[in-house]
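Asks: Please find one structure pasted underneath; my questions will follow.
Residue numbers (this note's numbering): 1 to 406.
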């Protein structure tokens, strides 16, 4: 693998170590520290998803025009300031508007960088190695997630604000490493420049990509329930300790590190990425069904174990599929397009998911059965189009080999 892939992977570890806890504990800050309602918390989280997707759309186009490195390095500098501001607003909870604006600031900054990171992996890997490249980076990111929430849960005992101070320090380390070690992966002047209107014409004319987006929107609604809804369900409804969330998300990170390579070998030997997305969604459904039981620590750990297997099948295949479908000069743009549209599902998952959880707060088993049933339906959607994708994947592999030979 290209040396730059390892640099990106290590910075993903630093990033997720420093920032992983923020996404776990932020809903609790809204509800417990500032006494925001479930539905308002869902609206805040959901609107952040939409903002993130819109920024990623334009950032994807931008990175295809100017390259990757400058975005990777310089976009993260404001994030340091935003995390320090969040630290202050949590330590002194009288500035809710400043908290929300600073948090939205981190969302924007993260979104600017995301397409450049994902497109960089596609730039430096062949079609046949791409799934492996995304898997390596994902393992390093989840190693950080394994450690970060444990540290976050420990720090929460002294004050939730310290989580964001660690995020600021980790962001500084990420910036320094990228600046010193990362070389450019894409030179727009060596590729055909994307003309005005070409992107819309390209993706809207690809019916398969449109179908993939539609299924992704539906998927986003259901997988979102493993995030903020699980956090609120565990702590705000069932009154479980903060530390339980630390254990659960640490287990998620360690399981990714342990299982992702064996699952990768299985995915590369049999079937195709689209088929494995369908199977992975079935694991999500099975995990949600586990939560119909009373949420002891063991139940939460079993849920996370099962759903992490599904995550290991879903996460690395997303960018692999998109960059196979996308033209070479539109990889970042296609990632941005996909994230823009699928944010509809994530937004509705945050808002309607928390609303439904509140309505069924005394019947939470029913809530998890509904989420599991919807996940099963999405699984069959992916399986139904896996044969079509297999043909696209074979054609892209042949073209990649011809390009290398020439």
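Every residue gets a Cβ at the ideal spot worked out from N, C-alpha and C, and that includes glycine.
Does the separation of the CB atoms of residue 160 and residue 33 fall below 8 Å?
Replies: Taking 8 Å as the Cβ cut-off, residue 160 and residue 33 qualify as a contacting pair.
Asks: Fully enclosed by the stretch 174 to 262, which alpha helix (DSSP H) runs are 4 residues long or longer?
Replies: Listed in chain order, the complete alpha helix (DSSP H) runs (minimum 4 residues) inside the stretch 174 to 262 are 198 to 204, 207 to 223, 228 to 231.
Asks: Distance cutoff 8 Å, beta carbons only. Does residue 2 sit that close to anything in chain C?
Replies: The displayed structure is made up of one protein chain only, and chain C is not part of it.
Asks: Expressed to the nearest angstrom, what Euclidean distance is found between the alpha-carbon atoms of residue 141 and residue 18?
Replies: Going from the Cα of residue 141 to the Cα of residue 18 covers about 11 Å.
Asks: Does residue 293 come out as helix, strand or coil in the three-state DSSP assignment?
Replies: Residue 293: coil per DSSP, three-state reduction.
Asks: Going along the chain, which residues of its own chain have a beta-carbon closer than 8 Å to the beta-carbon of residue 217, five neighbours each way excluded?
Replies: So the qualifying residues of the chain are 341, 342, 344, 345.
Asks: Suppose you measure from the CA of residue 82 to the CA of residue 25; what does that come to, to the nearest Å?
Replies: Approximately 17 Å, taken between the alpha carbons.
Asks: In this structure, how does DSSP classify residue 159 when only helix, strand and coil are distinguished?
Replies: Here residue 159 sits in coil by DSSP.
Asks: What does a CB cutoff of less than 6 Å around residue 404 pick up in its chain, not counting 5 residues either side in sequence?
Replies: Bear in mind that the predicted position of residue 404 carries a pLDDT of just 47, short of 50, making it unreliable; the figure below should be weighed with that in mind. Once the five neighbours on either side are set aside, residue 404 has no close Cβ partner at all.
Asks: Across the stretch 58 to 78 and the stretch 357 to 373, are there enough close Cβ pairs to call them in contact, namely three or more that are closer than 8 Å?
Replies: These segments do not touch.
Asks: If you draw a straight line from the C-alpha of residue 163 to the C-alpha of residue 210, how long is it?
Replies: Approximately 39 Å, taken between the alpha carbons.
Asks: Which two residues bound the contiguous alpha helix (DSSP H) that contains residue 64?
Replies: Here the alpha helix (DSSP H) through residue 64 covers 38 to 66.
Asks: Using only CA atoms, which one of 128, 203, 294 lies nearest to residue 239?
Replies: Of the candidates 128, 203, 294, the one whose C-alpha sits nearest the C-alpha of residue 239 is 294.
Asks: Answer yes or no: do residue 264 and residue 135 have a C-beta to C-beta separation smaller than 8 Å?
Replies: For residue 264 and residue 135, yes; Cβs fall inside 8 Å.
Asks: Express the C-alpha separation of residue 314 and residue 256 in angstroms, rounding to a whole number.
Replies: When rounded, the distance between both Cα atoms is 12 Å.
Asks: Determine the direct distance from the alpha carbon of residue 108 to that of residue 56, and round the result to whole angstroms.
Replies: Roughly 8 Å separates the two Cα atoms.
Asks: Enumerate in chain order the residues of its own chain whose CB-to-CB distance from residue 367 is below 7 Å, with the five nearest sequence positions on each side excluded.
Replies: So the qualifying residues of the chain are 356, 357, 360.
Asks: Thinking C-alpha only, which one of 292, 350, 94, 62 is nearest residue 111?
Replies: For residue 111, the nearest C-alpha among the options comes from 62.
Asks: Alpha carbon to alpha carbon, how far is residue 3 from residue 389? Give it in angstroms, no decimals.
Replies: Answer to the nearest angstrom: the Cα atoms are 30 Å apart.
Asks: Please check the pair residue 174 and residue 76, which I expect to be a contact at CB under 8 Å, by giving their CB distance rounded to whole angstroms.
Replies: Confirmed, Cβ separation roughly 6 Å.
Asks: Quick one, are the C-beta atoms of residue 11 and residue 167 less than 8 Å apart?
Replies: For residue 11 and residue 167, no; Cβs fall outside 8 Å.
Asks: Under the three-state reduction of DSSP, which class applies to residue 360: helix, strand or coil?
Replies: Looking at residue 360 - three-state DSSP - the assignment turns out to be coil, as it is neither helix nor strand.
Asks: What does a CB cutoff of less than 8 Å around residue 169 pick up in its chain, not counting 5 residues either side in sequence?
Replies: Correct list, in chain order: 18.
Asks: Excluding the five sequence neighbours on either side, which residues of its own chain have a C-beta within less than 8 Å of the C-beta of residue 206, listed in chain order?
Replies: These residues qualify, in order along the chain: 325.
Asks: Between 305, 258, 165, 292, which has its C-alpha nearest residue 280's C-alpha?
Replies: Answer by Cα proximity: 305.
Asks: Can you give the beta carbon distance from residue 350 to residue 228, rounded, assuming they're within the 8 Å contact cut?
Replies: Contact flag correct, Cβ pair sits at about 6 Å.
Asks: How about residue 377 and residue 292: do their beta carbons lie closer than 8 Å?
Replies: Not in contact: residue 377 and residue 292 (Cβ atoms no closer than 8 Å).
Asks: Taking DSSP as the reference, what is the three-state secondary structure of residue 274?
Replies: Of the three classes helix, strand and coil, the one that applies to residue 274 here is helix, per DSSP.
Asks: If you count every other CB in all the chains shown that lies within 10 Å of the CB of residue 269, and 16 or more means buried, which is it?
Replies: Classification for residue 269: exposed.
Asks: Could you tell me the boundaries of the alpha helix (DSSP H) in which residue 127 lies?
Replies: That residue, residue 127, is in no alpha helix (DSSP H); it is neither H nor E in DSSP.
Asks: Could you give the C-beta distance for residue 337 and residue 203, rounded to a whole number, given that I count them as a contact under 8 Å?
Replies: Contact flag correct, Cβ pair sits at about 5 Å.
Asks: By Cβ distance below 7 Å, which residues in the same chain neighbour residue 181 in space, the five residues on each side in sequence not counted?
Replies: Around residue 181: 7.
Asks: Tell me the DSSP secondary structure of residue 9 in three-state form.
Replies: The answer is helix: DSSP assigns residue 9 an H, G or I state.
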